[in-house]
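Novice: In the UniProt record's numbering, the protein residues as written are 1 to 192. Even glycine gets a Cβ: it sits at the ideal position worked out from N, Cα and C.
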Amino acid sequence: MNDATTLTFGYLVGMFGIVAFGSFVPVLPTGAAVSVAAVLAEHNVAELALVVAVGAAAAYVGDIATFAVLSRAGASLAQRVGWLSRERPAERLAQMRAQVEQNEMPALMLSRLLPAGRIPVLLAAAIGGYPWRRYVSADVGAVILWAAVYAAIGVVGGSIFSHPWEAVAAAMAGVVAFSLLAHLVRRFVLRS
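Structure representation (structure tokens):
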């Protein structure tokens with residue numbers, strides 16, 4: 001393998017690990033990992049496609065693992081978190097499931113793009129009894145959109161700056177700005 005292939009393989013493996021783990025345990029900056037990988041791809045279309053594909057695959061693995069754990073934990077977890085009252089929990093679970101099913105794709109896609117939006121939607125779907133097969137297929141579009149958006153942030157940062165470190169810093173700033181904007185929009189919408 002030449003140096004470029006080794007670098008490509010190295011950052012793709014690193015990005016996969018960060019995104020998969022961060023999607024399961026939401027403490028790592030998964031969007032920033034995809035943006036930085038897109039910057040490092042240096043406008044090579046094949047590498048950018050790999051960044052999106054690997055980022056989406058890693059997010060998918062993390063989402064599926066999270067959904068499985070939340071499904072297993074069930075209503076007892078929801079009661080401990082305060083999402084279900086002791087009276088009529090089955091009614092509340094049915095309501096949560098219906099809300100996810102009515103807006104399936106928009107809910108999954110937006111939950112992936114909004115900071116801290118994914119876990120509540122996954123929890124509602126999982127404890128509401130949302131069908132496993134349906135979630136597995138519906139999440140594909142959500143993770144591809146998510147990876148493409150964060151790769152685009154990296155590409156924009158890489159095209160503006162001539163030095164990779166500047167582009168990485170810009171991509172990180174873009175991710176933070178995007179996250180803050182999404183948070184403000186979510187807050188505004190919830191108040192209305």
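So what's L110 in DSSP terms, helix, strand or just coil?
Specialist: The answer is helix: DSSP assigns L110 an H, G or I state.
Novice: Under a three-way DSSP split, which group does L123 fall into?
Specialist: L123 falls in the helix class under three-state DSSP.
Novice: According to DSSP, is A41 helix, strand or coil?
Specialist: A41 falls in the coil class under three-state DSSP.
Novice: To the nearest whole angstrom, what separates the beta carbons of L70 and L113, a pair I think is in contact under 8 Å?
Specialist: At roughly 20 Å, the Cβ-Cβ gap does not stay under 8 Å, so L70 and L113 are not in contact.
Novice: So, G158 versus V39, is the Cβ gap smaller than 9 Å?
Specialist: In this structure, V39 lies closer than 9 Å to G158 by Cβ.
Novice: Consult DSSP for G62 and reduce its assignment to one of helix, strand or coil.
Specialist: In this structure, G62 counts as helix in the three-state DSSP scheme.
Novice: Spatial neighbours of M1 within its chain, please: CB distance less than 8 Å, with the 5 preceding and 5 following residues excluded, ordered by chain position.
Specialist: Per-residue confidence for M1 stands at a pLDDT of 48, beneath the threshold of 50, marking its modelled position as unreliable; no derived number is given.
Novice: So, with DSSP's three-state summary, where would you put V52?
Specialist: The answer is helix: DSSP assigns V52 an H, G or I state.
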